[in-house]
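Take a look at the structure below.
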């Protein structure tokens, strides 16, 4: 892991560790045991300033979603009643990188960077020479990956002057995420349904 601060979490138990250079730390939680180590230089991991758009590098571009009534490819004007212009632009762009607004990055700092963990046992089980890693997103304020998109969606809506945001949710993490995103601007009310 390329960080001086290592965080591991699972289930309802969370552990936060400060890793010194070359130090290896084992963390036992309810669900798993993981090892975190810092690189020899002890460099900090920075939070990205841009989102990567996979579509830019696809050799075959995915088809546009279809309009539910006309069954024709959606146009930006079809999305305008539902989404702010910036979210529509991001949905249709083929630009490789999209800048992350500073206000959104500030909210991300509440739980990022998240741990990148090497799955050595899975590598061994598969008998592969490949190195397999997974990113643990449970350290977020909602306990899932959902704030990664819900926070910017709430922020862009607030910037566009939207006063109310309605989200669907099964485990309430989308709703709590919408409320977290609201904190970025303190202007949008959120309502959760599920």
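Residue numbers (full-length UniProt numbering): 1 to 194.
Cβ atoms here follow ideal geometry from the backbone N, Cα and C, with glycine treated the same way.
Exercise for the section: Quickly, what does DSSP pair residue 58 with across the bridge? List them, please. Expected result: If you number the chain shown from 1, residue 58 lands on position 58. According to DSSP, which records beta bridges pairwise, residue 58 is partnered with nothing at all.
Exercise for the section: Specify whether the region 106 to 114 and the region 138 to 149 touch according to this definition: at least 3 beta carbon pairs, one from each stretch, less than 8 Å apart. Expected result: Segments in contact, yes.
Exercise for the section: In the DSSP assignment, find the alpha helix (DSSP H) that holds residue 108 and state where it starts and stops. Expected result: In the chain shown, the residue the question calls residue 108 occupies position 108. Annotation for residue 108: the continuous alpha helix (DSSP H) segment containing it runs 102 to 108.
Practice task
Entirely within the region 106 to 144 and at least 3 residues each: give me those beta strand (DSSP E) ranges in chain order.
Solution key: Within the region 106 to 144, the complete beta strand (DSSP E) segments at least 3 residues long are 116 to 118, 133 to 135, listed from N- to C-terminus.
Practice task
Taking the CB atoms as reference points, tell me whether residue 112 and residue 47 lie closer together than 8 Å.
Solution key: Translated into the one-based positions of the chain shown, residue 112 becomes position 112. Translated into the one-based positions of the chain shown, residue 47 becomes position 47. Taking 8 Å as the cut-off, the beta carbon of residue 112 is found closer than this to the beta carbon of residue 47.
Problem - Helix, strand or coil at residue 164 [DSSP, three-state] - result: Stepping through the chain shown from its first residue, residue 164 is reached at position 164. The three-state reading of DSSP puts residue 164 in strand, counting E and B together.
Handout entry: Cβ-Cβ separation, residue 137 to residue 131 (assumed contact under 8 Å), whole Å
Key = The sequence position of residue 131 within the chain shown is 131, counting from 1. The sequence position of residue 137 within the chain shown is 137, counting from 1. The beta carbons of residue 131 and residue 137 sit about 20 Å from each other, so the pair does not count as a contact at 8 Å.
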